[in-house]
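*Asks:* All residue numbers for the sequence shown refer to the numbering used here, where the first residue is 137 and numbers rise by one.
For glycine and all other residues, C-beta sits at the position ideal for the given N, C-alpha and C.
Since the model is a prediction, treat every value here as computed from it, not as a measurement.
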Amino acid sequence: MPEPPYAARTKDFNLSKKILRGLGAGALAAATVASGLSFGPASARAAISEAPLSSPAALEPVAAKMYAQVAGSWYTSSSGVYVSKVNTKAEAMSKAADLLLYPMADGAFNMRVASSGACLAPAGYKNVGVIGDNSGGCGMTGDWKIDAAGRLSATKSETYITGPVTIDGTMWWNRASTGPAADFTGIRFGMTAGLEDTDLVNRTAKLTGAAKPDSTVVIDDNQEVDVDSDGNWSAVLEDLNYGKNSTHLENWGDGKKISELDFMFDLDVAAVTGTASATTTVTDDVTIAGTGEKNVDITITDEDGKTVATTKTDSETGRYEHTVAAPNASGAHTFTVTQSINGTDAGSTSVEFIYGAATTITSPVDNYVHPGGTLTFSGRGEPQAQVRIQEEGKTGILQGGHVLSSGAWSLRVAELSNAKHTLVVTQTGKGNNITTATLVLNPDGTVDPGDGEGEITAPTVESPGNNSNVTTSRPVFTGHGHPGATVKIGYGPNSTIGTATVDADGEWTANLTSGLALGRSTLIVTQTSGKDTQTLTHIVNRVAAEAPFRVTSHTNNENYAEGMTTFRGTAAVGATIRAVNQWGTVMGTDTADGTGNWAFNRNLGPTTTGYDITFTATKDGRTETTQLHLNYQGVIAFQVTSPANNSTYEVGNATFRGKASPNTVVTAVNQWNTRMGTATANLDGDWAFSRNLGPTTAGYDIRFTATKGDDVQRSTLHISQAVTNVPVEVTSIADGATYTPGLNILRGTGTPNATITAVNAKNGWNVAMGTTKVTADGTWALPERNWGPSNDYEIKVTQTNPDKTTSTTMVNIFAPVFKDLEVTGVTTGAENGPGAIFATFTGTATPGGSVTIKSASTGSPYQTVEVNPQGQWTATRTWNATHTYNLIFDQVAKDGKTDSVNYGTWTATTPPK
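If you want it as structure tokens, here you go:
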């Protein structure tokens, strides 16, 4: 039978020593001897794969012509045949048991039975046997080595295996310190592979291992590396998958395959997680937040695969957070969060958010014929959502409210005409999810000219343009609108500084009767056509005709970064601007435009001293000069470029942007120490993050921190909520209603942060009733106050808006009119113990007063109850069924008036079943 590939005789056994030393404790070489000896992996090294041997060799004792092999069990308590002799090498190999060699220190190794883990160790005096299933380790007694003569030697006794020997009828492997050693017929080399290192960004992994010295390792039939003279090899694998990977390795030498193995390993990426949440403010978008691999791209897609948000995970924590726009549909919606590294998918997760019920209208029914007047609308929706009713195509709100916890809503709209109306109910639910329902009233009616669906042309302002600058205090306003409509310009509903009538061509012109102040003016343009009223907001900036000469883009002694920068400023209209540095180099020129603004771009390079720049503005022979010094720091000075400090914001998603040195980490927190966002500056020095901004009274005070290494820069920013003035309204009691005497709270709605003052204007008294502020959500409540009991009130509520404009509303409420006491009925209920029965008396009396049930005989009171605002009262208690009562009912109104009802005798009886 031919020898196994790459067999070596005894004279080559020093090669095995070399292999053991070269591979170390973590590597594997495989050699087969008498029972299939092979070097095995040490437990000290993780992620090691080994190639199994395909054909064991056999041991041929020097003194015998037969071969020796291990038959059956190695050792039992009843003893047995340990080693037997066979006539052929093939028979020996077919019956041989595999041994694994585990490298130890100093070139030694343990030998274990592959099938059981039992240790092959010196047994008895000069023999070799198995010492049992020693899973805890063979110990020093089980150490072997290949000595200088190439013999398999026990390290402690310096004896070596010589061949089989029969003792008491049992054949053992014999070992001795003298005499000829057993002859090894072959050595086979195995192959190992281990994971040395990974690179997530480039999707590569470095493998290392052991194989036959001076051979080749072929990887997946598309790559090969050399094995060095000590049996070591390494290779870098590219284009790997995130997660599980498998590679096929083959060891080749002299044109033949020595061994092969399949190696499995992980390119570990932190799993991406995510949850969706919404605040109690329904206009806030849903926030999806979670964790993933650090500093990777995050993409959030909706159920249609459309990208709705992108962001990055934090470079230190792996956390991400971003808001997503609502689907404007009901029910559960699933978002997919995918993390990617260099554009390669690195895992995803699904995040579900339940947006809740869409709004519906349950009453009145569609195409309902309404005769005109007040109409109550009701429906279903998402609890706590906001609802409002509008004419289709109109901006005005007929009525608004919210969905109750039960999911029901009800809105009462006054003065709806009997003409045709198309009404839209809009619900804003949690996560800023907007759904609508439409209802038609009087489908066969004529459209009210004041409520025309799409027939009323919306107003526009053409000049001056929105957000444009004017230099005069009374610019002429022009625009378009609905022919015949009236256009008013002012700061609010009770402020008019200009009027116009739209002509037959749809054009209007308005001259202001009051001048605009310098700076920003937020104007409300109102068009009224019949019952239709439409408004728009128009902003005009009044600037001085001769702006002062100054540089506005840079401040003296600030830092600058290399690259292009823009110098900006103001000067007299038409002035020539020229800038020269300390070396006489012209930095730039420009001419101040019609608004007094000028600008030019200039590339700034690195300097030792910085830049000393002299700016001049020349007009009509007069020259003005200003100086600017810029310091070079070698870094981009941290700055927040948008939004501007002390600017306003609209409720909803906003993006914060700025500049910083590349790879600077920017974090922001507000005055409540809530993280607003984080970002990392790119190579161009740009950074940005988005954040949902909610309604606030104080606005946001945001602290930015920019960190790069040991360099930390800080900046602060204040932004205020942009507020549109709304008329003041009283919501807690209707005009013309009867009030309940006693402590009451007057409530209503208005412009956020406006001041509310209420007086009783009855008879011109103007008695103060309280003052308060409108909260950020547009609601207000006066301090609790005693009303009545007999006074009527003419309550005048005045709202002073933040822009100093005002609006008022009047509410007339009336004291209860004394109403004679009546007992309208009595019902009895179930027994409440022996001889005791529940009974309920009902009746009517003066609202807000009290009714007392007394004994007509003794005057002792049995029960006192209050009369509700509708003039009804109910008294329930337990009565003695065996007693006949003589009752009298007394009323005391809030104004002190009284009356009584002598009820007479009465006995409580159990009602029939």
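Is residue 310 helix, strand or coil when you go by DSSP?
*Replies:* DSSP places residue 310 in strand when its eight states are reduced to three.
*Asks:* For residue 535, collect the residues of the same chain with a Cβ closer than 6 Å to its Cβ; drop the 5 residues on either side in sequence, then sort them by chain order.
*Replies:* The residues are 525, 547, 549.
*Asks:* From this set, 803, 636, 863, 967, which residue's C-alpha is nearest residue 838's C-alpha?
*Replies:* With distances taken between Cα atoms, residue 838 lies closest to 803.
*Asks:* Using the Cα positions of residue 1045 and residue 414, report the straight-line distance between them to the nearest angstrom.
*Replies:* Taking the straight line from one Cα to the other gives about 57 Å.
*Asks:* Alpha carbon to alpha carbon, what distance is there between residue 523 and residue 1021?
*Replies:* One C-alpha to the other measures close to 54 Å.
*Asks:* Given a cut-off of 9 Å on the beta-carbon distance, is the pair residue 1056 and residue 790 in contact?
*Replies:* Here the chain covers residues 137 to 1049 and nothing more, so residue 1056 does not appear.
*Asks:* If residue 703 and residue 715 are in contact, beta carbons under 8 Å, what's the gap, nearest whole angstrom?
*Replies:* Going by Cβ atoms, the distance from residue 703 to residue 715 rounds to 7 Å, so yes, they are a contact pair.
*Asks:* Closer than 6 Å by C-beta to residue 562: which residues in its own chain qualify, once you throw out the five before and the five after it? Chain order, please.
*Replies:* 524, 572.
*Asks:* Take residue 967 and list the residues in its own chain whose beta-carbon comes closer than 6 Å to its own, dropping the five residues that flank it on each side.
*Replies:* For residue 967, where only same-chain residues beyond five positions count, the Cβ hits under 6 Å are 973.
*Asks:* Let me check one thing: in DSSP terms, what residues is residue 853 bridge-paired to?
*Replies:* According to DSSP, residue 853 bridges with 838.
*Asks:* What span of residues does the beta strand (DSSP E) with residue 618 cover, start to end?
*Replies:* Taken as a continuous stretch (DSSP letters only), residue 618 belongs to no beta strand (DSSP E), as it is neither H nor E.
*Asks:* Under the rule that 16 or more other beta-carbon atoms within 10 Å means buried, what is residue 592, buried or exposed?
*Replies:* Label assigned to residue 592: buried.
*Asks:* What is the DSSP secondary structure of residue 898, counted as helix, strand or coil?
*Replies:* Residue 898: helix per DSSP, three-state reduction.
*Asks:* Drop a sphere of 10 angstroms on the beta-carbon of residue 670, count the other beta-carbons inside from all chains shown, and report buried for 16 or more, exposed for fewer.
*Replies:* That one is buried.
*Asks:* Given a threshold of 16 other Cβ atoms within 10 Å of its Cβ, counted over all protein chains shown, does residue 781 qualify as buried or as exposed?
*Replies:* Residue 781 comes out exposed.
*Asks:* If we call anything under 9 Å between Cβ atoms a contact, is residue 686 one with residue 652?
*Replies:* Their beta carbons are not under 9 Å apart, which means residue 686 does not touch residue 652 by this criterion.
*Asks:* Mind checking residue 533: buried by the 16 CB within 10 Å criterion, or exposed?
*Replies:* Its Cβ having fewer than 16 others within 10 Å, residue 533 is exposed.
*Asks:* Express the C-alpha separation of residue 1002 and residue 1040 in angstroms, rounding to a whole number.
*Replies:* Going by the C-alpha atoms only, they are around 22 Å apart.
*Asks:* Among all the DSSP beta bridges, which residues are the ones paired with residue 469?
*Replies:* DSSP lists 489 as partners of residue 469.
*Asks:* When you compare only the Cα positions, how much space is there between residue 576 and residue 849?
*Replies:* When rounded, the distance between both Cα atoms is 60 Å.
*Asks:* What separation, rounded to the nearest whole angstrom, lies between the Cα atoms of residue 1042 and residue 969?
*Replies:* Cα to Cα, residue 1042 sits roughly 20 Å from residue 969.
*Asks:* When the Cβ atoms of the segment 424-444 are set against those of the segment 496-505, are three or more pairs found closer than 8 Å?
*Replies:* Flag = no, the segment 424-444 and the segment 496-505 do not touch.
*Asks:* Which residues mark the beginning and the end of the beta strand (DSSP E) in which residue 654 is found?
*Replies:* Careful: residue 654 lies outside any beta strand (DSSP E) and carries neither H nor E.
*Asks:* Rank 821, 930, 918 by C-alpha distance to the C-alpha of residue 874 and give the top, closest one.
*Replies:* Residue 930 is the option with its Cα nearest to residue 874.
*Asks:* Any idea if residue 1032 is buried or exposed, counting beta-carbon neighbours within 10 angstroms, 16 or more meaning buried?
*Replies:* Its Cβ having fewer than 16 others within 10 Å, residue 1032 is exposed.
*Asks:* When the Cα atoms are used, what is the spatial distance from residue 513 to residue 645?
*Replies:* Straight-line Cα distance between these residues: approximately 40 Å.
*Asks:* Taking contact to mean at least 3 C-beta pairs separated by less than 8 Å, is the segment 730-749 in contact with the segment 657-673?
*Replies:* Output reads no: the segment 657-673 does not touch the segment 730-749.
*Asks:* Could you check what DSSP says for residue 566 in three-state terms: helix, strand or coil?
*Replies:* In the structure shown, residue 566 sits in a helix (DSSP, three-state: H, G or I).
*Asks:* If the criterion is Cβ atoms closer than 9 Å, does the pair residue 932 and residue 833 meet it?
*Replies:* Against a cut-off of 9 Å, the Cβ pair of residue 833 and residue 932 comes out as no contact.
*Asks:* Taking Cβ positions, are residue 785 and residue 856 nearer each other than 9 Å?
*Replies:* Taking 9 Å as the Cβ cut-off, residue 785 and residue 856 qualify as a contacting pair.
*Asks:* For residue 708, tell me which candidate among 391, 758, 436 has the shortest Cα-Cα distance.
*Replies:* For residue 708, the nearest C-alpha among the options comes from 758.
*Asks:* From the DSSP secondary-structure annotation, give me the bridge partner or partners of residue 1016.
*Replies:* Beta-bridge pairing links residue 1016 to 972.
*Asks:* Can you grab the Cα-Cα spacing for the pair residue 310 / residue 279, in whole Å?
*Replies:* Rounded to the nearest angstrom, the two C-alpha atoms are 16 Å apart.
*Asks:* Excluding five sequence neighbours on each side, which residues of the same chain lie with their C-beta closer than 6 Å to the C-beta of residue 950?
*Replies:* Hits under 6 Å: 874, 928.
*Asks:* For residue 516, count neighbouring Cβ atoms within 10 angstroms of its own Cβ and tell me buried if that reaches 16, exposed if not.
*Replies:* Buried, by the Cβ-count rule.
*Asks:* May I have the straight-line CA-CA distance separating residue 1000 from residue 809, to the nearest angstrom?
*Replies:* Near 53 Å, if we compare the C-alpha coordinates of residue 809 and residue 1000.
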